[in-house]
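Going down the list, the sequences are from chains X and V.
Here this note's numbering is used: the first residue of the first sequence is 434, the next is one more, and so on.
Here this note's numbering is used: the first residue of the second sequence is -16, the next is one more, and so on.
By construction, the Cβ of each residue, glycine as well, lies at the ideal position given by its N, Cα and C atoms.
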Amino acid sequence: MTRAMIRLVRAEFVKLRTTQVWFWLLIAALGISVLAVLGNFLSDPGIRSARDVPQIFANSDIACLAVFVLGVLGVTTEFRYQTITPTVLITPSRWTLITAKMIAYALLGILYALACVALQLAMTLPWLATRNISFDLGDPDLRRALFGLFLVLALYGIIGLGVGALLKNQIVAVTLGVIFLLILQNLLAAIPGVRHAWPYMPAGANAAILNSQSNAPDTVTILSPAAGVVVLLLWAFIPALLGAGITMNRDIT
Amino acid sequence: MTETAPEPDGRIVVDQLTKVFGGKVRAVDRLSFTVEPGSVTGFLGPNGAGKTTTLRMVLGLVHPTAGTATISGVAYKSLRDPISHVGAALESSSFHPARSGRNHLRIQCIAAGLPLERADQVLETVGLAAAGKRKVRGYSLGMRQRLGLAAALIGDPRVLVLDEPANGLDPDGIRWLRGFFKHLASEGRSVLVSSHQLNEVQEIADRVVILNRGQLVRSGSIRELLADTDSVLVRGPDLGPLDAALRAHGFNPTQTGPTSFVVQGIETEHVGHLAFGAGVELHELSKQGFDLEDLFFQLTAEQAPGAPTMGSAQ
């Protein structure tokens, strides 16, 4: 990474730090994480052995919604408040600009994942102790769930950027994005025939990466973890690159 | 075109620049002009004349349909460290309302690799040091304009491109702005400043570029433009013979009242001599001070819709 790129990534972080939205979305992500832990422990059959521990983290991927919204706002706020003008005057290359944002928001997704996992561990470890269940970081399933969660959150930051860059309008991008991720994907999964596209949806990719077949609709088999990574990478990069190449290359008036 | 070590002189060259929006609206039409290094150039025209679109094309924000705009010989996006070469203040509202003015400037410092102290220095320069830590939401329009100017200055650029910087300023602010321009010019910076109000620019600009309906109406130094339009007022009880004498010499008096007319492009001595020769009694013979505002209205009024373009007197 060049020095110029490091400066631009830093600038993106300062842009976020000097407004409040990152804080409220972090609260939302943490809230979702807490609910995921509670849900896993309190549901039936719940967490009964060390084999069930990975699913706590594998089922926490809804926190990606917060990172997605953050990514959307990372682009659309610049258009809404016309800060895109000074931003582009400093960095006339829209490719450089979107690359810096992608790096910044992927890192941000990882930071959110760190915060979420830390909070979940703080709840999970004592709870497991009361049930005499061991917590073994050597467990490959647990490692994969944790690593997968970091990867998913990092990529949803980029997905958000891409959707924001394509749609430009803040309210439209957030609303459509959240409706798609939260509702539409699941509706599609309910339609026979169409449901076999589900593994190629972001939610399907999440399930593949986190290896949680239980999240998939009936009769639908999730992809391999590697294929899930590829699918989610496509969801992340295609909109971002289209956004940089088409929307962001338009006249800024 | 070779771009081998372009001399970073700060000259802005606009060449046959054209922008057609949506396939039909010709916002800017074959516009050509040059901003010389170290000069203050007023970019004048009524609202909707295409000034903002032109400035945005110069800065690479809007892609021209045809033609080119260069700064120091290259397109804006080819400049190395662009904001250290060209500073721009385009709209008064390109700030996140929840961010402080100072933070807005510090973000620019970080992104452009400038020392953070520059943010405080330029806030000081535009007289906003006390308000720097307040959120932009609470700024008046005048304060936002100043913050925009601070942002334009942050890279200590030799060229400044300012779009309607006086919009929303109160009389105090406009007086401050005039002093500010003089200060910038005294430092040898080139300034291209657009305005639809001529009195803002008349005192401080060396040159003007006048635009109407996307086309160049006229450009040149203010003195040249005024010299062209100097006129002589003549008043007397019976000016008929003088009128005939003037027409015989190729002048074209314009009646302004029952006992008076004005003649363009002539010296008072010449009119006096012709009046003496024609034996005409004069009650007044005076040179008319013609200010830029009159010129501006005259020039832009001539550009009626569909009328042919005026020849551009470079």
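6 Å Cβ shell around residue i - same chain, five flanking residues per side excluded
i                 : result
ALA687 of chain X : Limits of chain X in this structure are 434 at one end and 686 at the other, which puts residue 687 of chain X out of reach.
ILE536 of chain X : VAL442
LEU471 of chain X : none
LEU530 of chain X : THR524
LEU541 of chain X : GLY590
ARG129 of chain V : VAL109, LEU111
ALA168 of chain V : VAL23
ASP146 of chain V : THR35, LEU38, LEU73, SER177
THR51 of chain V  : ASP(-2)
Cβ neighbours of residue i in the same chain (closer than 8 Å, five flanking residues each side left out)
i                   : result
GLN646 of chain X   : ALA640, THR654, ILE655
GLU(-14) of chain V : Reliability fails at GLU(-14) of chain V, whose pLDDT of 48 lies under 50, so the model's placement of it is uncertain and the value that follows must be treated cautiously. Excluding sequence neighbours, GLU(-14) of chain V sits near GLY56, VAL57, SER61.
ASP64 of chain V    : ALA95, GLY96, GLY138
THR411 of chain X   : With chain X represented from 434 up to 686, any question about residue 411 of chain X goes unanswered, as that position is not in the structure.
ALA483 of chain X   : ILE566, SER567, PHE568, ASP569, ASP572
PRO220 of chain V   : THR242, GLU264, HIS266
Euclidean distance between Cα positions of residue i and residue j
i                 : j                  : result
PRO20 of chain V  : GLY171 of chain V  : 8 Å
ALA461 of chain X : VAL(-3) of chain V : 51 Å
LEU265 of chain V : ASP277 of chain V  : 26 Å
TRP560 of chain X : ASP569 of chain X  : 14 Å
GLN185 of chain V : ILE249 of chain V  : 24 Å
ALA228 of chain V : THR36 of chain V   : 48 Å
GLY595 of chain X : ILE604 of chain X  : 15 Å
PHE302 of chain V : VAL176 of chain V  : Chain V is shown from -16 up to 297; residue 302 of chain V falls before or after that span and cannot be answered.
ARG481 of chain X : ARG564 of chain X  : 8 Å
LEU615 of chain X : THR652 of chain X  : 21 Å
LEU675 of chain X : VAL11 of chain V   : 29 Å
GLY162 of chain V : TRP457 of chain X  : 45 Å
ASP684 of chain X : LEU222 of chain V  : 58 Å
LEU194 of chain V : ALA149 of chain V  : 18 Å
PRO478 of chain X : ASP494 of chain X  : 20 Å
ASP485 of chain X : GLY581 of chain X  : 16 Å
VAL467 of chain X : LEU584 of chain X  : 19 Å
ALA506 of chain X : ARG450 of chain X  : Looking at the sequence itself, residue 506 of chain X is Leu, so the reference to Ala does not match. When rounded, the distance between both Cα atoms is 13 Å.
GLN515 of chain X : TYR59 of chain V   : 19 Å
GLU267 of chain V : GLY125 of chain V  : 46 Å
LEU498 of chain X : ASN682 of chain X  : 27 Å
ALA287 of chain V : GLN281 of chain V  : In this predicted model, ALA287 of chain V has a pLDDT of only 48, less than 50, meaning its place in the structure is not dependable; the value taken from the coordinates is given anyway. C-alpha separation (whole angstroms): 11 Å.
ILE465 of chain X : GLY626 of chain X  : 31 Å
GLN297 of chain V : VAL500 of chain X  : Legend: pLDDT at GLN297 of chain V = 31, less than 50; position of this residue unreliable, value from coordinates given subsequently. Answer to the nearest angstrom: the Cα atoms are 56 Å apart.
HIS166 of chain V : SER67 of chain V   : 18 Å
ILE54 of chain V  : GLY5 of chain V    : 27 Å
SER269 of chain V : GLU183 of chain V  : 28 Å
ALA630 of chain X : ALA606 of chain X  : 23 Å
LYS7 of chain V   : ALA677 of chain X  : 26 Å
MET438 of chain X : SER173 of chain V  : 30 Å
ARG120 of chain V : ARG513 of chain X  : 14 Å
LEU257 of chain V : GLY233 of chain V  : 12 Å
ALA261 of chain V : ASP226 of chain V  : 10 Å
CB of residue i within 8 Å of CB of residue j, strictly
i                  : j                 : result
GLY593 of chain X  : VAL502 of chain X : yes
GLY590 of chain X  : ALA539 of chain X : yes
VAL23 of chain V   : VAL144 of chain V : no
GLY(-7) of chain V : VAL142 of chain V : yes
LEU14 of chain V   : GLY203 of chain V : no
GLY25 of chain V   : ALA72 of chain V  : no
ARG85 of chain V   : GLY115 of chain V : yes
Close beta carbons around residue i, own chain, < 7 Å, minus the five adjacent residues each side
i                 : result
ALA133 of chain V : LEU88, VAL105, LEU106, THR108, VAL109, LEU111
THR680 of chain X : ALA598, LEU599, LYS601
LEU136 of chain V : GLY70, VAL105, THR108
ARG314 of chain V : Since the first residue shown for chain V is -16 and the last is 297, residue 314 of chain V is missing from the structure and cannot be characterised.
LEU160 of chain V : PRO148, ALA149, LEU152
GLY33 of chain V  : ALA10, VAL11, LEU194, GLY197
SER214 of chain V : VAL245, VAL246, GLN247, GLN271, PHE273
ASN473 of chain X : GLY479, ILE480, GLN488, ILE489, ASN492
PRO154 of chain V : none
Cβ-Cβ separation, residue j to residue i (assumed contact under 8 Å), whole Å
i                 : j                 : result
PRO224 of chain V : VAL254 of chain V : PRO224 of chain V to VAL254 of chain V, Cβ: 13 Å. No contact.
ALA49 of chain V  : THR17 of chain V  : Actually they do not touch by this definition, with Cβ atoms about 18 Å apart.
ALA496 of chain X : LEU643 of chain X : Incorrect: roughly 12 Å between the Cβ atoms, too far for contact.
LEU216 of chain V : GLN271 of chain V : 5 Å
LEU38 of chain V  : PHE279 of chain V : LEU38 of chain V to PHE279 of chain V, Cβ: 19 Å. No contact.
VAL508 of chain X : ILE90 of chain V  : Their Cβ separation, rounded to whole angstroms, is 16 Å, which puts VAL508 of chain X and ILE90 of chain V out of contact at 8 Å.
LEU463 of chain X : ALA546 of chain X : Between ALA546 of chain X and LEU463 of chain X the Cβ distance is about 11 Å, and since that is not below 8 Å, they are no contact.
SER76 of chain V  : ARG127 of chain V : 6 Å
- Three CB pairs or more closer than 8 Å across the segment 657 to 671 of chain X and the segment 523 to 532 of chain X: no
- Message: Between the segment 40 to 55 of chain V and the segment 194 to 208 of chain V, can you find at least three pairs of beta-carbon atoms closer than 8 Å?
- Response: no
- Between the segment 79 to 98 of chain V and the segment 539 to 558 of chain X, are three or more C-beta pairs nearer than 8 Å? no
- Touch test, the segment 179 to 198 of chain V against the segment 239 to 250 of chain V, Cβ-Cβ under 8 Å, three pairs minimum: no
- Item | Given 8 Å, three or more beta-carbon pairs between the segment 572 to 580 of chain X and the segment 611 to 631 of chain X | no
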